[in-house]
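Trainee: Going down the list, the protein sequences come from chains A and B.
Mind the numbering: the first sequence is residues 1 to 288 in the working numbering, read in order.
Mind the numbering: the second sequence is residues 1 to 259 in the working numbering, read in order.
Glycine included, every Cβ here is placed at the ideal spot set by N, Cα and C.
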Amino acid sequence: MGIKVTEVAKKFGRKQILQNISLEIEPNRIYGLLGRNGAGKSTLLNIITDRIFANGGSVTIDGIPTHEHDELLGNIYLMSEVNLYPKRARLQDLFKSSKNMYGGFNEAYAKHLCEAFELNPKQRFGQLSTGYRTIFKLIIALCLPVDYVFLDEPILGLDANHRELFYKELLDTYSSHPRTFVISTHMIEEIANMIEHVFVIENGKILVDDDVDHMLSQAYVITGPGETVDQYTVGLNVIGTESLGNLKGNYVFGNLNDDREIPDTIQISRMDLQKLFIHLTSGEGGSK
Amino acid sequence: MKTKMIFKNKFGYYLKGLGYTYILTFLFIFLLPIVFALLFTGSLDGISIHNLLKNNLLPFISILFLVISSYRVYGPFKFYIQNGISRRTVWKATIWVTALLSLLMSVINYCYYYAVILPNVGNVDNTFYNQLFGQFLGFHSFWNIPAQILYEWLLLWSFAVLGMFFGSLSALLKKRTRRMLWIAIPIGLVVLVRFLMQFHTGMNLDWTMNFIKFVVGYTETTNEGEWNPFHPVGFMAIMIILGTIINYWIQQHIVLKNQ
Numbered sequence: 001m002g003i004k005v006t007e008v009a010k011k012f013g014r015k016q017i018l019q020n021i022s023l024e025i026e027p028n029r030i031y032g033l034l035g036r037n038g039a040g041k042s043t044l045l046n047i048i049t050d051r052i053f054a055n056g057g058s059v060t061i062d063g064i065p066t067h068e069h070d071e072l073l074g075n076i077y078l079m080s081e082v083n084l085y086p087k088r089a090r091l092q093d094l095f096k097s098s099k100n101m102y103g104g105f106n107e108a109y110a111k112h113l114c115e116a117f118e119l120n121p122k123q124r125f126g127q128l129s130t131g132y133r134t135i136f137k138l139i140i141a142l143c144l145p146v147d148y149v150f151l152d153e154p155i156l157g158l159d160a161n162h163r164e165l166f167y168k169e170l171l172d173t174y175s176s177h178p179r180t181f182v183i184s185t186h187m188i189e190e191i192a193n194m195i196e197h198v199f200v201i202e203n204g205k206i207l208v209d210d211d212v213d214h215m216l217s218q219a220y221v222i223t224g225p226g227e228t229v230d231q232y233t234v235g236l237n238v239i240g241t242e243s244l245g246n247l248k249g250n251y252v253f254g255n256l257n258d259d260r261e262i263p264d265t266i267q268i269s270r271m272d273l274q275k276l277f278i279h280l281t282s283g284e285g286g287s288k
Numbered sequence: 001m002k003t004k005m006i007f008k009n010k011f012g013y014y015l016k017g018l019g020y021t022y023i024l025t026f027l028f029i030f031l032l033p034i035v036f037a038l039l040f041t042g043s044l045d046g047i048s049i050h051n052l053l054k055n056n057l058l059p060f061i062s063i064l065f066l067v068i069s070s071y072r073v074y075g076p077f078k079f080y081i082q083n084g085i086s087r088r089t090v091w092k093a094t095i096w097v098t099a100l101l102s103l104l105m106s107v108i109n110y111c112y113y114y115a116v117i118l119p120n121v122g123n124v125d126n127t128f129y130n131q132l133f134g135q136f137l138g139f140h141s142f143w144n145i146p147a148q149i150l151y152e153w154l155l156l157w158s159f160a161v162l163g164m165f166f167g168s169l170s171a172l173l174k175k176r177t178r179r180m181l182w183i184a185i186p187i188g189l190v191v192l193v194r195f196l197m198q199f200h201t202g203m204n205l206d207w208t209m210n211f212i213k214f215v216v217g218y219t220e221t222t223n224e225g226e227w228n229p230f231h232p233v234g235f236m237a238i239m240i241i242l243g244t245i246i247n248y249w250i251q252q253h254i255v256l257k258n259q
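(1) Helix, strand or coil, according to DSSP, for H177(A) in the structure here?
(2) For M1(B), which of helix, strand or coil comes out of DSSP?
(3) Is the Cβ of N247(B) closer than 7 Å to any Cβ of chain A?
(4) Opposite T60(A) in the DSSP bridges: which residues?
(5) Counting only Cβ pairs nearer than 7 Å, list the residues of chain B close to Y148(A).
(6) Given that a residue counts as buried once 16 or more other Cβ atoms are within 10 Å of its Cβ, and exposed if not, what is K175(B)?
(7) Quick test of the definition: if touching needs 3 or more C-beta pairs under 8 Å, does the segment 23-32 of chain A touch the segment 64-79 of chain A?
(8) Using the beta-carbon of each residue, which ones in chain D are nearer than 8 Å to P86(A)?
(9) Based on Cα-Cα distance, which residue from F136(A), Q274(A) and P86(A) lies nearest to Y251(A)?
(10) Please specify which runs of the alpha helix (DSSP H), each continuous and at least 4 residues long, are wholly inside the segment 89-121 of chain A, giving them in chain order.
(11) Can you say whether I47(A) is buried or exposed, counting buried as having 16 or more other CB atoms within 10 angstroms of its CB?
(12) Compute the Euclidean distance between the alpha carbons of Y174(A) and F95(A), then round it to the nearest angstrom.
(13) Tell me whether S269(A) sits in a helix, a strand or coil according to DSSP, three-state version.
(14) Kindly list, in the order they appear in chain A, the residues whose Cβ is closer than 8 Å to that of Q131(B).
(15) Can you give the beta carbon distance from V200(A) to L280(A), rounded, assuming they're within the 8 Å contact cut?
(16) Less than 7 Å between the C-beta atoms of A219(A) and F253(A), yes or no?
(17) So, helix, strand or coil for E196(A), using DSSP?
(18) Which residue's Cα is closest to the Cα of L44(A): F150(A), G74(A), M1(A) and D62(A)?
(19) I'd like the list of long-range same chain contacts for Y113(B), defined as Cβ closer than 8 Å, with 5 residues on each side in sequence excluded.
(20) Please identify, using Cβ separations under 7 Å, the residues of the segment 80-94 of chain B that lie next to chain A, in order along the chain.
(21) State the start and end residues of the unbroken beta strand (DSSP E) segment that holds G131(A).
(22) Are there three or more Cβ pairs, one per stretch, closer than 8 Å when the segment 82-89 of chain A is compared with the segment 109-119 of chain A?
(23) Under 7 Å, Cβ to Cβ, is there at least one residue of chain A near L24(B)?
(24) Should K16(B) be flagged as near chain A, meaning a C-beta pair shorter than 7 Å?
(25) Check distances from the C-beta atoms of the segment 224-238 of chain B to those of chain A and list, in chain order, the residues that come in under 8 Å.
(26) Using the C-alpha atoms, what's the distance from V35(B) back to K122(A)?
(27) Quick one: residues in its chain with C-beta nearer than 8 Å to the C-beta of I254(B), no 5 flanking neighbours on either side, listed in chain order?
(28) Alpha carbon to alpha carbon, what distance is there between L192(B) and I183(B)?
(29) When you compare the CB of D70(A) with every CB in chain B, is at least one pair closer than 7 Å?
(30) To the nearest whole angstrom, what separates the beta carbons of F166(B) and W227(B), a pair I think is in contact under 8 Å?
(31) From G235(A) to L244(A), what does the alpha carbon distance come to, in whole angstroms?
(32) Should I187(B) be labelled buried (16 or more other beta-carbon atoms within 10 Å of its own) or exposed?
(33) To the nearest angstrom, how far is the alpha carbon of G286(A) from that of N237(A)?
(34) How is the beta strand (DSSP E) around M79(A) delimited, first residue to last?
(35) Give a yes or no on contact between the segment 97-104 of chain B and the segment 151-163 of chain B, applying the rule of three or more CB pairs nearer than 8 Å.
(36) Helix, strand or coil for R72(B), going by three-state DSSP, please let me know.
Structure (structure tokens):
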């Protein structure tokens with residue numbers, strides 16, 4: 001059960017943006033949707049929320065297609081990078097409209113968030129800076145009674161303090177009222193500790209669909225003298241390399257052959273999610 | 001359920017727009033002549049309330065308001081899709097909104113004409129409807145009242161559907177394509193009219209003439225106001241239904257554009 005994306009393809013003109021993507025989004029989990037610029041993340045989110053149409057494949061929630069389905073679409077909120085709210089509308093009126101259309105809105109929490117982010121709800125949407133537009137959309141996203149919240153670039157224009165505040169509020173609201181969050185961002189380091197499962201899209205295909213813990217348990221950095229490191233990593237899935245003088249670091253994704261003896265001059269450490277993402281999507285390295 | 005809610009949301013928004021439009025129209029009718037008189041003659045000698053009250057801009061303004069407000073399709077689409085509302089629901093709610101709004105405007109315009117304008121023009125009832133169809137049901141017949149309101153209602157509604165048709169089409173197009181079409185369509189129309197003017201003598205256009213006569217309810221008579229109002233009423237009703245179905249089909253294809 002949950003959202004099921006099956007064989008979704010999308011072309012813009014001659015350019016194939018998504019190539020038969022399939023994935024499942026389960027209830028009450030926090031997902032990371034990662035990919036380089038133009039990988040197709042926003043396109044995928046727009047298709048899931050029926051804002052644009054796929055050229056093939058299907059999107060269902062609990063087995064029912066989302067296309068033109070008010071109840072299902074009303075159970076998803078996509079906070080997108082683009083602004084779809086009327087510029088002349090006041091924020092408090094937009095809160096009210098969202099409440100009416102989604103059939104609920106946590107007004108007390110919205111008030112608390114407005115105060116915490118110092119957002120005046122009497123302002124008009126068009127008067128807000130990029131950062132405050134993001135904050136406004138985040139407040140709506142966190143206060144609606146939906147089961148699936150998609151956050152596309154949720155920290156666009158936010159300063160470090162507001163980002164911290166957002167992460168804290170996200171985790172607070174998630175623990176008090178668990179629901180699914182799918183976060184698409186380039187600030188991987190900042191969300192790495194939050195997400196449970198990750199989808200990596202590369203060239204319109206799903207490159208990784210795995211739990212973060214499981215994924216990181218197979219991601220290593222082998223450092224040491226260049227020659228020794230190369231000898232040790234022969235036959236392993238090396239996805240990237242960095243050198244500094246005679247020292248070399250090979251990034252390995254996959255199982256190490258633990259039966260072999262580890263040379264004294266070699267160090268094996270864990271890779272973080274950002275490094276893993278960079279090397280997986282950089283176009284160098286092995287089979288991934 | 002959601003249709004009802006979107007209807008309320010949209011109707012409230014358009015009602016506000018309608019209020020502003022009428023206020024602006026009255027300012028235009030009453031204030032502008034005064035301002036112009038003061039600017040160009042320096043006095044209000046040529047201005048009389050009696051003359052100002054003779055102006056009947058309301059039907060024209062109603063058409064303008066409905067065409068412009070119905071043309072706005074993409075903006076509301078963005079807002080409603082952001083709020084998880086399907087295209088079909090918005091379309092359904094919009095039918096009720098335009099129907100009710102045009103009926104409301106038709107009733108307001110009717111009341112304004114008979115309460116304000118008619119006494120000031122010396123009780124000469126010369127509405128467009130009466131000049132063409134007034135005698136058909138009997139000039140003093142009670143049924144002329146609902147027929148006149150019905151006629152204007154459907155006329156206004158037709159313009160709303162037409163506005164929505166162009167709005168829906170333009171919602172499918174990119175800004176650049178839209179601009180090119182805005183230039184190409186009038187040029188194309190001028191060329192077509194020129195072509196018809198030049199070559200219509202060689203064509204058999206009798207059927208067109210007969211069709212138009214039928215649609216407007218033309219009756220061969222020497223008296224004024226004896227045309228049949230039910231022909232245009234029926235034609236407009238059919239056009240509204242067809243237009244609404246076509247608009248549904250177009251709106252089903254609207255997607256969020258790359259911004």
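Mentor: With the given structure in hand:
(1) What you label residue 177(A) is simply residue 177 of the first sequence in a count that begins at 1. DSSP places H177(A) in coil when its eight states are reduced to three.
(2) To locate residue 1(B), count along the second sequence from 1; it is residue 1. The answer is coil: DSSP assigns M1(B) none of H, G, I, E or B.
(3) As a working note, residue 247(B) is residue 247 in the second sequence. Not closer than 7 Å to any Cβ of chain A, the Cβ of N247(B) fails to qualify, so no.
(4) For the purposes of this step, residue 60(A) is taken as the residue at position 60 of the first sequence. For T60(A), which the question treats as bridged, DSSP gives the partners K4(A) and P65(A).
(5) As a position in the first sequence, residue 148(A) is number 148, starting the count at 1. Within chain B, no residue comes near Y148(A); the closest Cβ sits about 10 Å away, beyond 7 Å.
(6) Position 175 of the second sequence, counted from the first residue, corresponds to residue 175(B). Its Cβ having fewer than 16 others within 10 Å, K175(B) is exposed.
(7) no
(8) Absent here is chain D; the protein component of the structure consists of chains A and B.
(9) Reading the first sequence from its first residue, position 251 is the one you call residue 251(A). Ranking the options by Cα distance to Y251(A), first place goes to Q274(A).
(10) 91-102 and 107-117
(11) By one-based count along the first sequence, residue 47(A) stands at place 47. The residue in question, I47(A), is buried, as its Cβ has 16 or more Cβ neighbours within 10 Å.
(12) By one-based count along the first sequence, residue 174(A) stands at place 174. By one-based count along the first sequence, residue 95(A) stands at place 95. Near 20 Å, if we compare the C-alpha coordinates of F95(A) and Y174(A).
(13) Counted from its first residue, the first sequence places residue 269(A) at position 269. Of the three classes helix, strand and coil, the one that applies to S269(A) here is strand, per DSSP.
(14) For the purposes of this step, residue 131(B) is identified with residue 131 of the second sequence, where counting begins at 1. Those within 8 Å of Q131(B) in chain A number zero; the least Cβ separation is about 42 Å.
(15) As a first step, residue 200(A) is located in the first sequence; it is residue number 200 there, counting from the start. As a first step, residue 280(A) is located in the first sequence; it is residue number 280 there, counting from the start. Between L280(A) and V200(A) the Cβ distance is about 6 Å, and since that is below 8 Å, they are a contact.
(16) The residue labelled residue 219(A) in the question sits at position 219 within the first sequence. The residue labelled residue 253(A) in the question sits at position 253 within the first sequence. Against a cut-off of 7 Å, the Cβ pair of F253(A) and A219(A) comes out as a contact.
(17) Working through the first sequence from its first residue, we reach residue 196(A) at position 196. Here E196(A) sits in coil by DSSP.
(18) Within the first sequence, the letter at position 44 stands for residue 44(A). Here the closest residue by C-alpha is F150(A).
(19) Taking the second sequence and counting its residues from 1, one reaches residue 113(B) at position 113. Only N56, L58 and T127 meet the Cβ criterion.
(20) I81, Q82, N83, G84, I85, S86, R87, R88 and T89
(21) Taking the first sequence and counting its residues from 1, the one referred to as residue 131(A) is at position 131. G131(A) -> not in any beta strand (DSSP E); alpha helix (DSSP H) instead, spanning T130 to C143.
(22) no
(23) In the second sequence, counting from the first residue as 1, residue 24(B) sits at position 24. Judged by the 7 Å Cβ criterion, L24(B) is not in contact with chain A.
(24) Locating residue 16(B) in the second sequence gives position 16, counting from the first residue. Answer no: the Cβ-Cβ gap between K16(B) and chain A never drops below 7 Å.
(25) none
(26) Along the first sequence, read from residue 1 onward, the residue named residue 122(A) stands at position 122. Along the second sequence, read from residue 1 onward, the residue named residue 35(B) stands at position 35. Straight-line Cα distance between these residues: approximately 36 Å.
(27) Mapped onto the second sequence, residue 254(B) falls at position 254. These residues qualify, in order along the chain: V73, Y74, F77, R87, S168, A171 and L172.
(28) Translated into the one-based positions of the second sequence, residue 183(B) becomes position 183. Translated into the one-based positions of the second sequence, residue 192(B) becomes position 192. Near 15 Å, if we compare the C-alpha coordinates of L192(B) and I183(B).
(29) Against the first sequence, residue 70(A) aligns to sequence position 70. So yes, D70(A) belongs to the interface.
(30) As a position in the second sequence, residue 166(B) is number 166, starting the count at 1. As a position in the second sequence, residue 227(B) is number 227, starting the count at 1. Not a contact, Cβ separation roughly 29 Å.
(31) Here residue 235(A) refers to the residue found at position 235 of the first sequence. Here residue 244(A) refers to the residue found at position 244 of the first sequence. So the two alpha carbons sit approximately 23 Å from each other.
(32) Here residue 187(B) refers to the residue found at position 187 when the second sequence is read from its first residue. Classification of I187(B): exposed, given that the 10 Å Cβ count is below 16.
(33) Along the first sequence, read from residue 1 onward, the residue named residue 286(A) stands at position 286. Along the first sequence, read from residue 1 onward, the residue named residue 237(A) stands at position 237. With a pLDDT of only 47 at G286(A), under the threshold of 50, the placement of this residue in the model should not be trusted; the figure read from the coordinates follows. Looking at the two C-alpha atoms, the distance is approximately 5 Å.
(34) Counting from 1 along the first sequence, the entry for residue 79(A) is found at position 79. Looking at the DSSP string, the run of the beta strand (DSSP E) that includes M79(A) is I76 to M79.
(35) yes
(36) Along the second sequence, one-based indexing puts residue 72(B) at 72. Three-state result, R72(B): coil.
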